[in-house]
Structures are given as C-alpha cells and as structure tokens.
Amino acid sequence: MTRAETRVVMLAIIVWTVASIGVAWHTLRGIDYGARSRDALARAHALRGRVPTPAFPRDLDVSELAALHKEERPLVVDDPDGSEIVTAAVKDADDWDIIGAVGLYGRWRERAFATAWPAVAALLLGVGMFAGVRPVRDASPRAAAVGGLALFGAAAAATAVQLRASVPALASHAELPASLSRLALPPPSLAFATLLLVCLAVGGALALSAVHWHAAAAGRPARVQETLGAWAFIAPSLLHLVVFTIAPVGFLFWISVHDWDLLATDRPFVGLAHFREIGADPLFWRALRNGLVYALYVPATMIAALAAAVVLDQPLRGIKLLRVVVFLPFVASTVAIALVWQWLLHRDFGLLNVALAAMHLPRVDWLGSPATALPALMLVSAWSQLGYMMVIYLAGLQAIPTSLLEAARLDGASAWQRFRLIRWPLLRPVSTYLLLTGIIWSFHGFTLVYVMTEGGPAHATDVLVYRIFQTAWEFRRFDVAAAMSVVLCAVLLALTALQWRTVKGEAADV
Amino acid sequence: MSDRLLRRALGYGAALTLALVMVAPFLWMLSTALMDEFEVYQAPPPLLPTVPRFANFTEALTALPFALYFRNSLILAAATVTGQVVTAAMAGYAFARHRFAGRTPLFAVYLGTLMIPGIALLVPRFLLVDAMGLVDTVAGLVSVELVAAWGIFLMRQYFLSLPRDMEDAARLDGAGEWQVFWHVAVPLARPALATVALFAFIDAWKALLWPLVIARSPDLRVVEAGVASFHGMYFANWPWQMAAAVAALVPVLVVFLVAQKAFLRGLAFGGIK
C-alpha cells in the first residue's frame, strides 16, 4: 500500500465522519416541527368527525377503537388524495373514553422506507461483513474504501428517511391540547435515532479503518492476519450477543431504577422505589413462593425418570421404539400439551375425573380450585419432562461399566443393593445436573400457566414469569416488571453459579 | 428358566405401561379431534369417535387464519435455524481453529452469556426492539434468537474433535481462510450442524412468550399463539381445539422423528456440559 493510497483512505474516513454528522445534524434541525404538527393536528380534527363513518374501508365502532387503542396499533387507511393516513385513537384527559382519532401523514415512499430500513441496514452491514471476511488481497484499498463509504452512506440515508417519516407523530403528540391528552401511537424516540446516526458515523469510520488495516496487513506477519480473520468470523455472533444479550443486561438494571412510561419522554431516576413497590406487593411474594413450590416437580420427576430409565435399560426387543415414545412429550408443542391436559383435567368431562367417578371417588376440580391447580400444572410438567430426564439418566446408566455390576453380583449383592451402592452413587453428577438445570428451567415455564390457568384461580398458579408478563404487557408497568426481572435474574444466576461450581467440583474429583 | 421368563414379562409390562402413560394423551388428543362437537359431552365419554369426523381439521384451521400462522412460524423457524447454524459454525470454527489476540477473554464473555437467563431479559429486549421500531414486524419477531451461544460451544467442541489435516492440506493448496472454512470444515461438521439446526427449529416452533409480546397485530401470530387464542375463542368446542393442537404438533414431531439421532447427540452434549 502506497502512501498516496493511505492518504486516500484516511481522507475517506474523515469525509465519512464529517458527512454522517452533517446528515444527522441537518436531519434533526431541518424539520419544521411547527408546520408539521399543525398539519397533523388539523387533519386529526378533520378526522375526529369522520372516524365512525362509512368513508373508511369498513365501519369502525367504539369497541373497535378501544381494541385498537389497547393494542396500541395504528390503523392504516387510504386517504382520498392517494397518500396514506395512519390513525390512532385519542383518549380523554381521564385516559378513559375514546374521543377521536389522530391521523398521521406518511407518504407511501416514506412509509416504505420506514418499514424497510432495518432490513436494508442489516443487508448492507451483512454485505460489508462478508466483504471483510473475504481476503481483500485482490481488491485495491481505494475500491474497498469507496465501497464501504457507499454502503454506510446508504444505511445512513435510509435512517435519515426513517427519522423524517416518524417525526410528525412525535410533533403532533407534543402539541395536542390537554383534552386530547394521550396518543395511542407511541412516538419513536428521537434520542434513539440520533444515537443510531452517531453509531453509524462511528461504525462507518471504524469499518473503514478495519478495511484499511486489513489491506495494510497483507504484508504483515501471519499472526495479525489470523487475528483479523478470526474476528471477522466471530463478528456476526458477537454483534448479536452485544445488542440482544449484553446490552439488555445493563438496560434491565437501568430501567429498574428509573420511571419508564412508553409515552412519556422524561425518565427520572427513582432509586429503589420499584423494588420497594414489589417488596410490598403480596402478589409478588405469592408468585415467588408459587415458583418455588412449582420447582418441586423437578426432584419428583427425577425419581420417576430414574425408574423409567432402569425399566428402559433392559435388553428387550423394540425397547428403542419405546424410548422414543417416552421422549415425545418433550419435543411436542407446549400449547398442544396444555390443551390436551386441560381437556383431560376438565371438571365434568375430563377422563381423569371420569375415572375417579368410576372408582366412586369424588370428582376434583383440578384447574378450578386453588388447592389443586398448582399440583395439576406440576403433574403436566412432570409428564412432559420425564422423557428428557429419562434419556439423560439412561446415558448415565449405560456409561457404568458392566464389569462393576457383574463383580457385585458375584459377591452376592441383590438387585437393590447393586442399584443403591453402585448405580446411584455413580449417577450422582447426573442427578445434580438434572436437579439444578431442571429448577432453572422450571422458572422459565410460562406456556402452561398462560394457556391453562392464566395465573388463577386466586393467583394459585401465578409464577414470576407470568407476573412479569402481566405487569409489563397488561398493566404497562415496564419499570416494575424490570425490577421483578432483576430479582428473577438474581435467583437464577445463583442457581447457575451453584451448578457450575458442582460441575467443576466433580471434574476435580475425577 | 421360568424365573427369567417372569422377569422378561415384568420388564415388558413395566416398559409398555410407561410408554402407554406417555402416549395416551396424544392418542386422546387425536381421538377427540375426530369426534363430533357434542359427542364429547356424553357420560361416560366414548374413547373413540363413532364416526371419525375429519371435517374438524378443515373447519378449525379455517376458523382462524391458521395458514398465515403456519407461514409466520415457518419464517421464524427458518430464520432462527439459518442464523444459529451460520453463526455457530463461523464462531465455533474460529474459537476452535484460530489463535488470535483476545480469544480467551472473548471466550469468557461467550461463556458468561450462557449464564444469563433469557427470561429475565424479556423486558429490556422488548423495549430495545421497540426503540428500533421493530415491534409488530417480522424482523422483530425473529431478531432475538438468531444466535445461540449454546450452539457455538457445540460447534467449537466438534471442530476440536476433528483432525486439522485436511484444512492444512487445503491451505497448502492455496485456499483462503473463507474457502477452507466453507469447502473443508463445514462439510465435515455436518452432523453437529444438524444438531444445532434441529434444536433451533424445535425451540423456535415451541416459542410462545416472545412472539406473544412482539406481535400486536393478529397477522403476525405464530402457530403456538394462534392455537392459544383459538383456545380462548372456542373454549367449549373441544374437538376443534384438539384438531388445532394436532396440527400444531405435526411439524415438530415429524422433524423430531426424522432427525432423532441428531437430537440425542445434542442431549448428550448438554448432559456433559
């Protein structure tokens, strides 16, 4: 790489950075908020009278508007003059009655961009990544720099268009009169968009530097080249882990100590207020206790699974087929399992109660009474996970050398003694593994509760995950739900740490 | 001799009873799915439909737009499988084969992410995806499970167990890093990739919570969410519900039965993790 080429690349990086920041600044400054919001407001007032009229593709009634509002979902209708209007329900100052709708303009081109930009940006980044993976031996650095500039420029342009398209929603929200206090369509965060543009600017500069370094590395020692290549291989998964796992951990703690309202723009720091709130909430403690009781199905299932593994360990014809059959519930769709068990546990027509009645025993309202609902869910969980635990135990059993068992048999040990003194101690690592991972997984259980009991009756099956789900998505208290998640996270991390420690301890024993 | 026969009979008896307990709910699901709407309310209930009513399936699956839900589930599953397989192969390969600056700390970071319970990240992930404007879009639906640290570990272990001779030979022949990976390493790693793909598919098909919170419009529902809401709408029509449940089961059971071996290999890996 010649000095001239290096200079070109450096120049490109500087131009890129300046241009991106310029685009961001211009986009944010260049929009006439006043005119846009007045326009949106005028159209909103015009729409207010029109909403429940046949001028729309179909009639809307108040209940539909209410549903619309509940889902916070804008309705897209065609404006007579050809462009698109997104309407959203508007509620009164008490946040109760729906008194109208707001129409927000979006030209089709802007809307198309707004929906397509993430895909476009992802595609461009992917292409850039691929270009980084390929050896740039044959490509000149100048070509690479220009290519990178074009890619990130297009991504920035798409973002800028998205920003412009979404600004009217924000502006009209900000200027709505007090009687139209809330807009169901949450405004996109301007701060986030700014952040995104800045990231693009920095990312573009970084990517170009990487291209530059890569090209320059052609003459460098193999170690540098290998490092570059390996990071390129790891980049896609690392990017995803940072965005969707590592950043959310920090974000989780941040939300849990701030007030978070989807519609409000200010999010004041509130310290531990949300934690005090859930600490004072008996339902939270109820959910935590339910979760601990629910986790008891794990040891119970393990015993059954061990028995099943011993039974299926016999050298019988067709035993492999039976093993597969026992395993089926573990892979089956959980909603389907929830439905069939709800039917089996039905108070009047469920097979279980029919069988009880046939034996002249009283019928049990399995899912309808607080005393039996949680045990019923535990039964279903046990049934669906028995096969998995059985397979793990079976692998453990088959790893035990038969010579050991033979020797014990020759020494006159009974079948029970052979099990208790040889198999059981040798299976101990498997058992601890199953117990701890099983308990961790029991705290993830959501589907059965959601489909079969919805946390009821009288919160008897309300587990932490369901509480978080309800608090966030039904009561819209994301901050409180985050505080609950922090507690859940702490419990599960402690269990995981315990599991890894036992794994390590056992590895040290061997 | 008779003692041995007795043992065998007992063994078979226990094994068959176990299998029956495990499979009975499925059979009952299928049987109910073929019954008449009011036939199920007889006392005592019939174990088999008097006349199998296959129309339940067509009726139940058109009462809600299940074709759409299946499409959404397939999109979710396809994206999850593709994303997890590609990233697991690439990162697993790099961790197993390359010596590079930052490998140990980076590997520790990946290890650390395995400890974080995904369920606790539901709220921040949702708000993050919301800020990106991706709520109620396919991109938002598929976004969070595109990479599985678990799969990366499996691939790393698998690549470590493979000899590197062929890769070195390809390098001597002048192949670039990408070519070595794509033409030599990936074909050798096919069994492990199948395991990653299978687990990704089953997890994606069974996912309910994330699809539930991310899809505001009914058009973006996946099969699991569709069957759950179907259950709420037709709670008294058990044959229809069971028919929908059977339909939701079929794809994942077929995939499992076809690819059992890959599945058991994955479990064994989890068992020694």
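Protein chains in written order, with our numbering: chain A, 35 to 544; chain B, 1224 to 1496.
Even glycine gets a Cβ: it sits at the ideal position worked out from N, Cα and C.
Query, Result
"To the nearest angstrom, report how far apart R452 of chain A and I1375 of chain B are at their CA atoms.", "40 Å"
"So which residues of chain B does I289 of chain A contact, with C-beta pairs closer than 8 Å?", "V1346, P1347 and L1350"
"Enumerate, from N- to C-terminal direction, the unbroken beta strand (DSSP E) stretches of 3 or more residues contained entirely within the segment 340 to 382 of chain A.", "none"
"Any beta carbon from chain A within less than 8 Å of G1494 of chain B's own beta carbon?", "With a pLDDT of only 38 at G1494 of chain B, under the threshold of 50, the placement of this residue in the model should not be trusted, and no figure is reported."
"Would you say A1485 of chain B lies against chain A (beta-carbon separation less than 8 Å)?", "no"
"Please give the ranges of any alpha helix (DSSP H) in the segment 265 to 300 of chain A, keeping only runs that are unbroken, at least 4 residues long and fully inside the region.", "281 to 290"
"Classify W1433 of chain B: buried if its beta carbon has 16 or more other beta carbons within 10 angstroms, exposed otherwise.", "buried"
"Is the distance from the Cβ of Q1265 of chain B to the Cβ of L373 of chain A below 8 Å?", "no"
"How long is the line joining the alpha carbons of A339 of chain A and Q419 of chain A, rounded to whole angstroms?", "9 Å"
"Please report the distance separating the alpha-carbon of P1328 of chain B from that of F278 of chain A.", "19 Å"
"Compare the C-beta of E1400 of chain B against all C-beta atoms of chain A and say whether one is closer than 8 Å.", "yes"
"Tell me whether F1280 of chain B is buried or exposed, calling it buried when 16 or more other Cβ atoms sit within 10 Å of its Cβ.", "buried"
"Please list, in chain order, all residues of the same chain as T1336 of chain B whose beta carbon is under 6 Å from its beta carbon, the five residues on each side excluded.", "A1372"
"What alpha helix (DSSP H) runs, 4 residues minimum, are completely inside the segment 377 to 436 of chain A?", "385 to 392 and 404 to 432"
"Measuring straight from C-alpha to C-alpha, what distance separates C523 of chain A and V283 of chain A?", "10 Å"
"Quick one: is D1226 of chain B buried, meaning 16 or more other Cβ sit within 10 Å of its Cβ, or exposed?", "exposed"
"In whole angstroms, what is the alpha-carbon distance linking L379 of chain A and M1378 of chain B?", "43 Å"
"Entirely within the segment 1360 to 1431 of chain B and at least 4 residues each: give me those alpha helix (DSSP H) ranges in chain order.", "1361 to 1366, 1372 to 1384, 1388 to 1395 and 1413 to 1429"
"On the DSSP letters alone, give me the boundaries of the alpha helix (DSSP H) that I1342 of chain B sits inside.", "Counting along the chain, I1342 of chain B falls outside any alpha helix (DSSP H), and DSSP gives it neither H nor E."
"Taking all protein chains shown into account, do 16 or more other C-beta atoms lie within 10 angstroms of the C-beta of V345 of chain A, making it buried, or fewer, making it exposed?", "buried"
"Going along chain A in order, which residues have a C-beta closer than 7 Å to the C-beta of T1255 of chain B?", "W377"
"Since E260 of chain A meets chain B, which of its residues come closer than 7 Å, beta carbon to beta carbon?", "H1321, R1322 and F1323"
"So W294 of chain A packs on F512 of chain A, CB below 8 Å; how close in whole Å?", "5 Å"
"Any C-beta of chain A sitting closer than 8 Å to the C-beta of L1432 of chain B?", "yes"
"How many Å lie between T471 of chain A and D1391 of chain B at the Cα?", "40 Å"
"Report yes if the C-beta distance between M1389 of chain B and V1407 of chain B is below 8 Å; otherwise report no.", "yes"
"Figure out for me which residue from B:A1317, B:S1296 and B:F1261 has the closest Cα to the Cα of S271 of chain A.", "B:A1317"
"Residue range of the alpha helix (DSSP H) that S465 of chain A falls in?", "R462 to S476"
"Apply the 10 Å Cβ neighbour rule to I337 of chain A and answer buried if 16 or more other Cβ atoms are within range, or exposed otherwise.", "exposed"
"Counting only Cβ-Cβ distances shorter than 9 Å, please list the residues of the segment 469 to 483 of chain A near chain B, keeping chain order.", "T471, I474, F477, H478, F480 and T481"
"Would you mind stating whether F1479 of chain B and V1304 of chain B have Cβ atoms separated by less than 8 Å?", "no"
"Excluding the five sequence neighbours on either side, which residues of its own chain have a C-beta within less than 8 Å of the C-beta of L526 of chain A, listed in chain order?", "I474 and F477"
"When you compare the CB positions of W1428 of chain B and S367 of chain A, do they come within less than 8 Å of one another, or not?", "yes"
"Assuming Y1235 of chain B is part of the alpha helix (DSSP H), what are its boundary residues?", "S1225 to A1256"
"Closer than 8 Å, Cβ to Cβ, to anything on chain B: give me those residues from the segment 496 to 518 of chain A, in chain order.", "V499, I502, F503, A506, W507, F512, A515 and A516"
"If we ignore side chains and look at the alpha-carbon of each, how far apart do L1421 of chain B and Y1235 of chain B end up?", "31 Å"
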